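Quick note: the sequence shown uses the working numbering, first residue 12, plus one each step. Here a beta-carbon is modelled for each residue, glycine too, at the ideal position from N, C-alpha and C. Computed from a predicted model, the values in this text were never measured in an experiment.
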Amino acid sequence: MSSYLSLVAVFLVGVAAGFLNVTAGGGSLLSLPMLVFTGLSLPMANATNRISIFFQNTVATTRFYRSGVLSVREALSLAVPATIGSVVGTSLAIELNPKVLQISISILISVMAFLLMFKPSMWEKERSRDVPKPALFLLFFGIGVYGGFVQAGVGFIFLWALSGFVGHDLVRSNALKVAVILCYTSISVAMFAAKGLLDLKVGLVLACGSMLGGYLGARFAVSKGSRWIRWMVAGAVIVSAFKMMFQALSA
Numbered sequence: 012m013s014s015y016l017s018l019v020a021v022f023l024v025g026v027a028a029g030f031l032n033v034t035a036g037g038g039s040l041l042s043l044p045m046l047v048f049t050g051l052s053l054p055m056a057n058a059t060n061r062i063s064i065f066f067q068n069t070v071a072t073t074r075f076y077r078s079g080v081l082s083v084r085e086a087l088s089l090a091v092p093a094t095i096g097s098v099v100g101t102s103l104a105i106e107l108n109p110k111v112l113q114i115s116i117s118i119l120i121s122v123m124a125f126l127l128m129f130k131p132s133m134w135e136k137e138r139s140r141d142v143p144k145p146a147l148f149l150l151f152f153g154i155g156v157y158g159g160f161v162q163a164g165v166g167f168i169f170l171w172a173l174s175g176f177v178g179h180d181l182v183r184s185n186a187l188k189v190a191v192i193l194c195y196t197s198i199s200v201a202m203f204a205a206k207g208l209l210d211l212k213v214g215l216v217l218a219c220g221s222m223l224g225g226y227l228g229a230r231f232a233v234s235k236g237s238r239w240i241r242w243m244v245a246g247a248v249i250v251s252a253f254k255m256m257f258q259a260l261s262a
């Protein structure tokens with residue numbers, strides 16, 4: 012495949028990944044293999060993918076905020092522990108093999124798929140929950156560690172935490188998810204850049220596609236509501252769980 016056609020393919024995958032990331036999650040499971048296919052090493056692909064995540068979530072966060080479904084104050088309160096965790100996770104990503112963590116996460120999101128299909132009220136309704144602040148800090152610190160480490164599939168974990176644990180419906184959970192990921196991804200991008208692991212040309216092409224996909228995904232999430240999103244997330248979770256497990260076991 013020529014360099015030009017490779018970049019076109021990267022852009023199109025970016026659109027699909029951006030839409031999936033904002034409405035459900037797992038978009039990185041599309042973009043990472045595409046980046047490796049263009050010739051990037053896995054560590055460089057893992058780093059370069061964060062460029063598109065940053066721009067995609069900038070667009071999506073703006074759209075959710077203008078639609079009135081994003082609480083900036085809550086997003087920032089959750090972004091603090093997640094960002095601290097992402098610094099730890101990004102440091103690990105530069106050194107460690109993610110195989111064991113991928114297997115653990117694939118099991119976790121398989122459980123999430125079951126709850127999505129058979130416990131709809133857990134995801135579609137706003138519920139007021141008084142979650143202790145230390146527990147909330149530790150939960151989002153842990154999610155940040157994984158997000159900084161691998162990123163792929165972290166959106167599912169955010170949705171589980173925000174809907175199942177905090178009590179938001181999927182629309183508001185998606186809005187908070189993209190805002191928090193935007194905050195910690197900016198730190199991860201800077202750390203990867205300092206290590207010389209970013210391919211700016213490929214990353215920016217992927218980002219252009221992801222921004223378009225993220226914008227369309229945010230519009231879809233707001234207009235269709237939690238019921239549609241629940242089924243989209245369930246489908247994406249099931250496919251992603253199998254893909255992550257297969258990749259980890261065959262590595």
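- If the five residues before and after I168 are omitted, its C-beta is found closer than 6 Å to the C-beta atoms of I154, all from its own chain and listed in chain order.
- In summary, A56 is buried, with 16 or more beta-carbon neighbours lying within 10 Å of its beta-carbon over all protein chains present.
- Spanning the alpha carbons of F176 and V142 requires a straight line of approximately 8 Å.
- Taking V216 as the centre and dropping the five residues before and after it, the same chain places the C-beta of L18, V21, F22 closer than 6 Å to its C-beta, in chain order.
- Look at T94 here: in three-state DSSP terms it is helix.
- Beta-carbon to beta-carbon, F152 and I198 are separated by about 14 Å, too far to satisfy the 8 Å threshold.
- Secondary structure note for L150: its alpha helix (DSSP H) is the uninterrupted segment 144 to 160.
- Nearest C-alpha to L150 among V161, L173, F160: L173.
- The beta carbon of E85 is closer than 8 Å to those of L187 in its chain, skipping five residues each way along the sequence.
- Rounded to the nearest whole angstrom, the C-alpha separation of K206 and V156 is 18 Å.
- For G178, the closest C-alpha among the options S14, T73, L147, V200 is that of L147.
- When rounded, the separation of the alpha-carbon atoms in T34 and F231 is 7 Å.
- Comparing alpha carbon positions, the residue from L181, L41, S82, K144 closest to S63 is L41.
- The C-beta of L51 has 16 or more other C-beta atoms within 10 Å across all chains shown, which makes the residue buried.
- For F167, the uninterrupted alpha helix (DSSP H) segment begins and ends at 165 to 170.
- Secondary structure at S78: coil, using DSSP grouped into helix, strand and coil.
- DSSP places T49 outside both helix and strand once states are collapsed to three, so it counts as coil.
- Secondary structure of G225 (DSSP, three-state): helix.
- In the three-state scheme derived from DSSP, where H, G and I count as helix and E and B as strand, G175 is classed as helix.
- Out of Y76, V98, A204, L46, the CA that lies nearest to the CA of V182 is found in Y76.
- A Cβ-Cβ contact shorter than 9 Å links F65 with V200.
- In terms of Cβ geometry, G166 and V99 do not form a close pair [threshold 9 Å].
- Here P92 is buried. Its C-beta has 16 or more other C-beta atoms within 10 Å.
- If you ignore the 5 residues before and after V213, its C-beta comes within less than 8 Å of the C-beta of L18, V21, L46, T49, L51, T59, all in its own chain and listed in chain order.
- Under the criterion of beta carbons closer than 8 Å, V24 and M222 do not qualify as touching, at roughly 13 Å.
- Remark: C-beta atoms of R74 and T196 do not approach each other more closely than 9 Å.
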